[in-house]
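**Student:**
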Amino acid sequence: MSSVQEGTLPTINYLKGLLGDSWDIKSDNDPPYIQLVASKGTTVAFHITMIWGDGNVEEAIHLCGQEVLHKSTRNDVELFFAVYHATRTEVHLYKIDPRTQQATKLESGTVQAKADQVKRYAEANYNVLAVPPGQWIWSVEYGRYYRYVTVEGRQQVEFGPVPQQQ
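Numbering (our numbering), first residue to last: 1229 to 1394.
Written as structure tokens, this is what we have:
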């Protein structure tokens, strides 16, 4: 591990600093897979599975995806998670569709290079899992409001201005 710079591993302290004080980070150690779980309030919103030693990437994707699906319903929009490979010092970001239960790889890179995406995906998951459908949410990234609405039994994102308060 001497080739890994201090602070580059997705540790509890690193995630706490990245996501902020309103988030709680817990670890479930079951080598070769270690789960880091990010919660805000009572909502478990983001999972990172870290692979150590002989861990298999496909198995880690499956384990992490199942944890995410356990927190969702089939009507939710896509949710995000990450797999960190300690030997390669890379983080892989995925989205998973609760309806099809299929995970799709989005991107890979160093923890530092993907920090903004991890933060954005954790917030996106929280908004899907904790915010009531129909409530407007401000997106710093897009500079506009959005909300989740149910269309034909499936949540979808709707962008738009906030309705005028009377």
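Positions of the beta carbon are idealized from the N, C-alpha and C atoms, including for glycine.
1. Around the C-beta of Asp1304, are 16 or more other C-beta atoms found within 10 angstroms, so that it is buried, or is it exposed?
2. Output the distance between the C-alpha atoms of Arg1372 and Pro1326, rounded to the nearest integer angstrom.
3. In three-state DSSP terms, what is Asp1256?
4. Would you kindly work out how many angstroms separate the C-alpha atoms of Gly1281 and Pro1260, rounded to a whole number?
5. Can Ala1288 and Thr1277 be called in contact, C-beta distance under 9 Å?
6. Taking C-alpha atoms, which residue in Lys1323, Leu1297, Phe1387, Gln1363 lies nearest to Val1346?
7. Note down the Cα distance separating Asp1256 from Gln1340, rounded to an integer number of angstroms.
8. Report back the beta-carbon spacing between Leu1307 and Val1356 to the nearest angstrom; my notes put them in contact at under 8 Å.
**Tutor:** Well, looking at it:
1. As a position in the sequence shown, residue 1304 is number 76, starting the count at 1. Per the 10 Å Cβ criterion, buried.
2. In the sequence shown, the residue the question calls residue 1372 occupies position 144. In the sequence shown, the residue the question calls residue 1326 occupies position 98. Approximately 26 Å, taken between the alpha carbons.
3. If you number the sequence shown from 1, residue 1256 lands on position 28. Here Asp1256 sits in strand by DSSP.
4. On the sequence shown, position 53 is the one that residue 1281 refers to. On the sequence shown, position 32 is the one that residue 1260 refers to. In this structure, the straight-line span from the alpha carbon of Gly1281 to that of Pro1260 is close to 6 Å.
5. In the sequence shown, residue 1288 corresponds to position 60, counting from 1. In the sequence shown, residue 1277 corresponds to position 49, counting from 1. Yes, they are a contact pair.
6. Start at 1 with the first residue of the sequence shown, and residue 1346 comes out as number 118. The residue among Lys1323, Leu1297, Phe1387, Gln1363 with its C-alpha nearest the C-alpha of Val1346 is Lys1323.
7. The residue labelled residue 1256 in the question sits at position 28 within the sequence shown. The residue labelled residue 1340 in the question sits at position 112 within the sequence shown. Here the C-alpha atom of Asp1256 lies approximately 23 Å from the C-alpha atom of Gln1340.
8. Locating residue 1307 in the sequence shown gives position 79, counting from the first residue. Locating residue 1356 in the sequence shown gives position 128, counting from the first residue. Right, their Cβ atoms sit about 6 Å apart.
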